[in-house]
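Single-structure report; data block below.
Protein chains in written order, with this note's numbering: chain A, -9 to 234; chain B, 9 to 173.
What follows is the structure, encoded as structure tokens:
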């Protein structure tokens, strides 16, 4: 009996669990549907907003292009007006300038003829004055230069005479010194050098003669002569006690 | 006088050293089976010196067939070489072997001993010899005499003057 009760309780409990799981799954299913719906709505809203933005942008660009065209037309028109005005002013100015220049040329010609005459006269006067002044100055300068030159020549000549006489005295003194001291030393040195050289030459001559004599004598002796002379040398060495 | 006359085998110091070295070489092979004394001397010294050496063996009563006797004789010769007097001879000419032999004989006859020569050639000696022995040196050449004569001739002829003392 108790076993059957336990089995009934277990079956009931299992049924409760199954029902609970079924309800839970249904809840999850409903939530998923709601999410899908929301997603669809979000997508449709996004498309609408993007479309509106694009349309506005296009409209703004069109307006900007129209406005720039209008500005360009106005600016062109105004520039044309300014150019036309400038051409008019240029033509009138040119005419006025030509008139003024013609008048100026006439005035200058008049003034020039009268001024030229006055200038010629003034120049002639200046030339005459300069000529006179130059002649006077030249005479004065020549006289002054001649006087200075004469003075300088006199001074230089006397100075040069003094220097020459001093130089002559110094040279005479040096020649005297040279004769008294240097020449004597020089003669002595030359004599010493001559003696040394002569001695050296004599030495060299002596050596040459001796070497030649040695060479000739050495070659003129026969082997037998050499041998005999060595034997004599050995005998002398024996006498001198070299082999004791 | 010493009976062991080696003057026919060598006269100079260099020859004696060479002879001694060759004897050492022969002595080292003397007891080899194939050793033939006469052939060994011929190979090392040539026919003339080989004959002189064989004569020397006979004169000194050494049996040429006895290897031991030959070895003893070789040692005796080497000892004599080591004790020989060396005379330095400075000559004015290049001496031949016969000339050196004559000088060596002069020493054997006049000084009763064989010597070794250490020969140098100096042609400025003209003739004669300068000799160095036992730390002494004497010039017996005619170089000083010739120098004196030529100087006197040059001075007397007026070509040179004597240096002032």
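Beta carbons are placed, not taken as given, at the ideal position from N, Cα and C, and that holds for glycine.
Can you tell me which of the options puts its alpha carbon nearest to the alpha carbon of residue i?
i              : options                    : result
residue 137(B) : 117(B), 42(B), 98(B)       : 98(B)
residue 36(B)  : 76(B), 88(B), 24(B), 69(B) : 76(B)
residue 204(A) : 130(B), 164(B), 16(B)      : 130(B)
residue 155(B) : 79(A), 197(A), -1(A)       : 197(A)
residue 160(B) : 109(A), 199(A), 121(A)     : 199(A)
residue 211(A) : 150(B), 17(B), 158(B)      : 150(B)
How many Å lie between residue i and residue j at the Cα?
i              : j              : result
residue 60(A)  : residue 68(A)  : 12 Å
residue 1(A)   : residue 14(A)  : 20 Å
residue 62(A)  : residue 56(A)  : 10 Å
residue 135(A) : residue 116(A) : 27 Å
residue 33(B)  : residue 42(B)  : 15 Å
residue 144(A) : residue 154(A) : 15 Å
residue 16(A)  : residue 10(A)  : 10 Å
residue 27(A)  : residue 20(A)  : 11 Å
residue 93(A)  : residue 86(A)  : 11 Å
residue 105(B) : residue 53(B)  : 15 Å
residue 133(A) : residue 121(A) : 18 Å
residue 187(A) : residue 162(A) : 35 Å
residue 158(A) : residue 149(A) : 14 Å
Please work out which residues of its chain come closer than 6 Å, Cβ to Cβ, to residue i, disregarding the five sequence neighbours upstream and downstream, and give them in chain order.
i              : result
residue 96(B)  : 126, 140
residue 157(B) : none
residue 58(B)  : 49, 50
residue 240(A) : Residue coverage of chain A in this structure runs from -9 to 234, which leaves residue 240(A) outside it and unanswerable.
residue 92(B)  : 124
Count the other CB atoms within 10 Å of the CB of residue i; is the residue buried (16 or more) or exposed (fewer)?
i              : result
residue 66(A)  : exposed
residue 233(A) : buried
residue 9(B)   : A caution first: residue 9(B) carries a pLDDT of 47, below 50, which makes its placement in the model too unreliable to give a value.
residue 216(A) : buried
residue 49(B)  : buried
residue 126(A) : exposed
residue 107(B) : buried
residue 8(A)   : exposed
Is any non-hydrogen atom of the ligand MG found closer than 7 Å to the C-beta of residue i, if you look at the structure I gave you?
i              : result
residue 145(A) : The ligand MG is absent from the structure shown, which contains no ligand whatsoever.
Report back the beta-carbon spacing between residue i and residue j to the nearest angstrom; my notes put them in contact at under 8 Å.
i              : j              : result
residue 13(B)  : residue 122(B) : 7 Å
residue 86(B)  : residue 15(B)  : Actually they do not touch by this definition, with Cβ atoms about 17 Å apart.
residue 19(B)  : residue 112(B) : 5 Å
residue 124(B) : residue 24(B)  : 5 Å
residue 135(B) : residue 219(A) : 5 Å
residue 114(B) : residue 224(A) : 6 Å
For residue i, which residues in the same chain have their Cβ closer than 7 Å to its Cβ, ignoring the five residues on either side in sequence?
i              : result
residue 70(B)  : 77, 78, 81
residue 39(B)  : 75
residue 28(B)  : 86, 89
residue 153(B) : none
Identify, in the order they occur along the chain, each residue of the same chain with its Cβ nearer than 8 Å to the Cβ of residue i, setting aside the five sequence neighbours on each side.
i             : result
residue 72(B) : 45, 46, 62, 65, 66, 78
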